[in-house]
Amino acid sequence: MIPLLVGITTITFSLTKALPGDPVYSIVGERSSPEIIEKIRKEIGADKGVVRQYAGYVTLLVQGELGRSYFTGRRVIDDIGVKLPNTMRLACASMIIAAPLGILFGFLSAKKRGKFTDRVITLLSISGISVPVFWSGLVLMLFFSLRLRLLPPSGTGGMQYLFLPAITLSLPAIATLVRVTRVMVIDIMDMPFIRTARAKGIPEAGVSMVHILKNALIPVITVIGLEFASYLNGAVLTETIFGWDGIGRYAMEGIIKRDYPVIMGCLLVGTLVFVFINLIVDVIYHYVDPRVRVHGTDR
Amino acid sequence: MLEQSIRAETKLVIAVTILFFLLLLASCSSRDRVEGFIHFRLNYNPSTLDPAYIVDVTGGNIAAKLFNGLVRLDEHLAVVSDIAESWEISPDGTIYTFRIKSDVKFTNNRKVIASDFKYSFERILDPRGKSPNTWVFEKVVGAKAYMRGAATEVSGIVVRDPHTLQIILEMPFSPFLNLLSMTAAYVVPKEEVERWGDDFSTHPVGTGPFVLREWRHNNRLLLGKNDHYFAGEARVEGICYRVIPEDLTAVTEFELGNLDVISLPASELRRFKFSNKWKDLIASREGLNSYYLGFNCFRPPFNDPLARKAISQAIDRRKILETYYEKRGGLAHGPVPETLRSWPPPEPPRYDPETANELIRRSGLQGRTIQFYITADQEVADIAEIIQSYLKIAGLSVAIKQLEWSSYKAALNKGEADMFWISWWADYPDPENFLFPLFHSSNHGPSGNRTWYTNKTVDELIEKGQRLTIRSARSSYYGNAEQIIVNDVPSVFFWHKADITLRQPTVRNYEIYPIYSVDKGLEVSF
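This is how it looks when you write it as C-alpha cells:
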C-alpha cells in the first residue's frame, strides 16, 4: 500500500504540474498588477521549485490534509467528504438498475440466440452503448420532467432527484453488461459440463442458474467493478446535465480553473477508490470462482 | 415443477419491483421551490462571498445583497448614498470626507462605525492577505507603503470620529466614488472575519437586505430577508439561487416554474421570441461591456497600423451581429458602451473588402499565417470561424488556436497571440474603466491592456480625464482618446452584448441593471 501511495502521489503531482495554464490568472480576475500576481503566486506556493512543492504536498498528506482550494479557500477534504457520498449514491443507484437488468437481458439474449428477442436486445444494447449520456439524459429530462411532470430536472437531494441521473448513467452500463453476459453465456452453454449437467437430469432452471450463470458471472463482475469505479471517479456529463453535486463536476471545475489542490485531491481519492473496488472485486472472485481460491487465476 | 415455481417467483419479483418504482414515481413531483422566495439560476457556484476576494460578476451580484459600502449606484448609474449619509470632496479633489449613518447595523446586531471601513479597506491592502482587488485602493495615500509592509496602517484612511471617515488620495482621481461602490469596498465586521478566518467566505456577515441562510455548494444558495435592513425591506421572503450548469436544464426548470427569471440562452431565444405565451416576458438591456478582436500591437505583423486597419475593413461586423449573433447586442463604435458615452461616437473603419485587399498588399500581410487565439467556448469558436472565413476571402490564412480559459489568459498575458477574441466588462460605470485598463501603456498584459497598445497622447488624455472632476471637461479628453484609439485600431470593436432575460408572468418589478452592484434585490416581488 505504501509504494502504491507514493506512486499515486508522484504521478498525480507530476500530471497536475504538467497541465498548461496558470491558476493565478483565474484567481486575480481581469485586472491585476504583476506585483499582485507574484504575491498570490507566493501565497499559494507556486513560486517554489517543483521538488519543494512536492515535499509540501506530501507533508500535508501525512497530516491527513489535502490542502485548501485556491479559489474557494475551503478544505478539499471537506468538499470531497460532501461530494463523494453524493457520487457514491448515484453510482450505487445506477448499478442497482444496471446490474440485474444487464445480466437478465444478456442471459435472455444468449438463450434466445439468433431469434427475434436476441436481435431486439442486441439492437437496444448497441444503441445504449452508442448514444451519449448528454443526449439520453436530456431526452429523459424532457419526458419525465417537462412532459409528465413527475421528476425534478436537476438538483441534489433525495430519491426523486436521483432517478433521472441514475437511469441515464445506467443505460450504457446495461448495454455493456448485456453484451458481456451474452458472449459469456453463449460460450459456457456449449461447454461439455453443461451437457453433462443436463444428462444428469438437472432441471433446466438449475442448469441455467447454477451452472451457466454462475460461471458466466466472473467477467461480468469485472465489468461491474470497473464501471462502478469509473462512476465513483465522476460521471461528469451526467452530473453536469442534472446539476448533481458530485465529485466529477468538482474535479472538472478544478481542472478548468487549474485549482491544483482540488485536482490532486480528486485524483488521489479517485485512485484509492479504484484500488479499493478492484480489491472488492478480487474478494468476490474468491467466492464466485473456486479455482481462484486454489490456483489463483489459472484455469 | 421447480422451473415453474422459479418462473412464478421471478414474475412476482418483477411485478413488485415495477409497482414499487411506480409508487415511488407517483409520490414524486417536478415542483422544487422554497415558498415566498424568488428563484434565480447561477451557471456556476460562486467561488467566494468574501468581498475582499470576489472578482466575478456572479459573486459580486450576490455580495450586493449581503453587504453595503459607503456609496452605491442607483438605477441610472449615479453614485448615491449607502452607509455614508453624505460626503464632501476637497476643491483639489484629493480628500473625501464621509459622514456615516448612525443607525446601520451588521446582521450580528453591532452598529457600523467609521473604523469598520478603515479595517475593511486595509484588509484588501493587507501585505499578508491575497486580495486581488488592491488596485481599488492603491491611489490612497500610504497604500503602497502598507502593501509593502513598510507601514502599520494606511495613512490616507483616517477615522476622524466614530461617524466620520476621511480618505486622502495621492492625486485627484475622478472615478474614485465609483470605485467605492464596488464589491471590494463593502464593509465587513472585524470580529466576524477574525472568528471565521478563511471560512468567512461561507459565513459572510454584512449589513445588506439579505443574510446567507444556506449554501449547499454546487447545488443552491438561500438568502433570507434581513428584517432590520436600514434602507427598507425586501418584498420577497428571500432569494434562492439554483446552481445549474447546463442551459437546457435551466430552461426546463424555468418552464416547470422552478425558476422565476433566467438569462435566456442564445439557442432558446428564437423559440421564446415567437411564442405568444412568453414573447412579452422577454426583456433586454445592453450591458456595460465591449466584445472585441484584439491585435498584438507589440510585434509583427500587427505592430503596423496598416495591417490592423486591413483586418478591420475585411470583416463585416454588422452582418455578423445581425445574422449569427441575432442582434443580441448593439454595434460598437469604439470601446466605450453607448450608455457611458457623453460625446459623439467615433467612426470606426467601414467594411470595405477592396480597401482591405489594398491595405493587405501594402502592409505585407499576404502569405503570413495569423495565429488567432480564442477560448474553449462554442459561441466564440463560431465567431472565430466566421472571422476566419472573411479573412480567407481577403486572401489571409488564419490558424485558430483554442485554449481553455486559464491557458488562454496566460498566453495573452505573455503576448503569444497575433490576434485574439475577448470581452471587457465594467467594474464601475465610467468611460475611464474602458480606456485606462485597456489602452493605457502602464497596464500592458495582466492589468488589462492585452493588445500592448502604446500611445503617449492617449495616455496623457486618459490621465487628464482621471484628474478632472467636471464631467463635461472629462468627456472631451475621453472622447479624444477614444477617437485616437479607434483610428489606431489596436482592436476591432464588435458589439456591446445585451443581457436578455425571461421571467414568469407572476414576477413583478424585475429590472435588468447594466452593472451587477446596482441590484440590491429590494424591488422584485410577486
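Chain order of the listed sequences is A and B.
With the first letter of the first sequence counted as 1, position 284 gets the number 635 in the working numbering; the numbers rise by one all the way through.
With the first letter of the second sequence counted as 1, position 518 gets the number 655 in the working numbering; the numbers rise by one all the way through.
Where is the CB? At the ideal position from N, CA and C, for every residue including glycine.
Determine the DSSP secondary structure at residue i, reduced to helix, strand or coil.
i: Asp636(B); result: strand
i: Lys657(B); result: coil
i: Thr239(B); result: It is worth fixing the name first, because residue 239(B) is Ser in this sequence and not Thr. Here Ser239(B) sits in coil by DSSP.
i: Ile353(A); result: helix
i: Glu484(B); result: coil
i: Ile599(B); result: helix
i: Thr289(B); result: coil
i: Ile395(A); result: coil
i: Tyr378(B); result: strand
i: Arg382(A); result: coil
i: Thr271(B); result: helix
Determine, using beta carbons only, whether residue i and residue j come nearer to each other than 8 Å.
i: Leu385(B); j: Leu489(A); result: yes
i: Gly594(A); j: Leu441(A); result: no
i: Asn580(B); j: Phe571(B); result: no
i: Thr389(B); j: Ser496(A); result: yes
i: Leu502(A); j: Phe514(A); result: yes
i: His300(B); j: Ala368(B); result: no
i: Ile387(A); j: Thr320(B); result: no
i: Asp469(A); j: Ile569(A); result: no
i: Ile261(B); j: Val277(B); result: no
i: Ile545(A); j: Ala567(A); result: no
i: Pro651(B); j: Gly380(A); result: no
Using only the alpha-carbon positions, how far apart do residue i and residue j sit?
i: Leu491(A); j: Leu588(A); result: 14 Å
i: Arg640(B); j: Asn413(B); result: 14 Å
i: Glu569(B); j: Trp632(B); result: 18 Å
i: Asp253(B); j: Arg422(B); result: 36 Å
i: Pro326(B); j: Ser581(A); result: 45 Å
i: Leu618(A); j: Ser377(A); result: 21 Å
i: Asn180(B); j: Ile622(B); result: 34 Å
i: Gly415(A); j: Asp429(A); result: 12 Å
i: Glu370(B); j: Ala221(B); result: 19 Å
i: Arg678(B); j: Asp263(B); result: The structure shown does not extend to residue 678(B), since chain B spans only 138 to 663, so no value can be given for it.
i: Gly448(B); j: Asp610(A); result: Per the sequence shown, the amino acid found at residue 448(B) is Ile instead of Gly. The straight-line gap from Cα to Cα measures roughly 37 Å.
i: Gln303(B); j: Trp224(B); result: 9 Å
i: Leu575(B); j: Tyr590(B); result: 8 Å
i: Gly466(B); j: Lys546(B); result: 25 Å
i: Ile668(B); j: Asp519(B); result: Residue 668(B) lies beyond the stretch modelled for chain B, which goes from 138 to 663, so this question has no answer here.
i: Gly616(A); j: Val427(A); result: 7 Å
i: Val661(B); j: Phe485(A); result: 35 Å
i: Leu430(B); j: Pro472(B); result: 11 Å
i: His637(A); j: Val517(B); result: 54 Å
i: Lys410(B); j: Val402(A); result: 57 Å
i: Cys434(B); j: Asn592(B); result: 11 Å
i: Ile607(A); j: Glu383(B); result: 16 Å
Distance cutoff 8 Å, beta carbons only. Does residue i sit that close to anything in chain B?
i: Pro385(A); result: yes
i: Ile391(A); result: yes
i: Val634(A); result: no
i: Glu416(A); result: no
i: Val587(A); result: no
i: Tyr582(A); result: no
i: Asp398(A); result: no
i: Arg382(A); result: yes
i: Tyr376(A); result: yes
i: Leu435(A); result: no
i: Pro371(A); result: yes
Does the beta carbon of residue i fall short of 7 Å from some heavy atom of the ligand NAP?
i: Ile622(B); result: As for the ligand NAP, it is missing from this structure, which has no ligand bound.
Please look up how many angstroms separate the CB atoms of residue i and residue j, rounded, as I've assumed it's under 8 Å.
i: Pro543(A); j: Ser420(A); result: Contact flag wrong, Cβ pair sits at about 60 Å.
i: Pro523(A); j: Ile480(A); result: 6 Å
i: Tyr653(B); j: Asn315(B); result: At roughly 14 Å, the Cβ-Cβ gap does not stay under 8 Å, so Tyr653(B) and Asn315(B) are not in contact.
i: Cys377(B); j: Leu359(B); result: 5 Å
i: Ala493(B); j: Ala451(B); result: 4 Å
i: Val373(B); j: Phe204(B); result: At roughly 19 Å, the Cβ-Cβ gap does not stay under 8 Å, so Val373(B) and Phe204(B) are not in contact.
i: Glu463(B); j: Ala403(B); result: 7 Å
i: Glu683(B); j: Lys281(B); result: Outside the displayed range of chain B (138 to 663) lies residue 683(B), so it cannot be described from this structure.
i: Trp562(B); j: Val194(B); result: 7 Å
i: Ser613(B); j: Thr588(B); result: With a Cβ gap of about 24 Å, Ser613(B) and Thr588(B) do not count as contacting.
Checking contacts by CB at 8 Å: is residue i closer than that to chain A?
i: Leu139(B); result: Legend: pLDDT at Leu139(B) = 43, less than 50; position of this residue unreliable, value from coordinates given subsequently. So, interface residue.
i: Asp397(B); result: no
i: Ala547(B); result: yes
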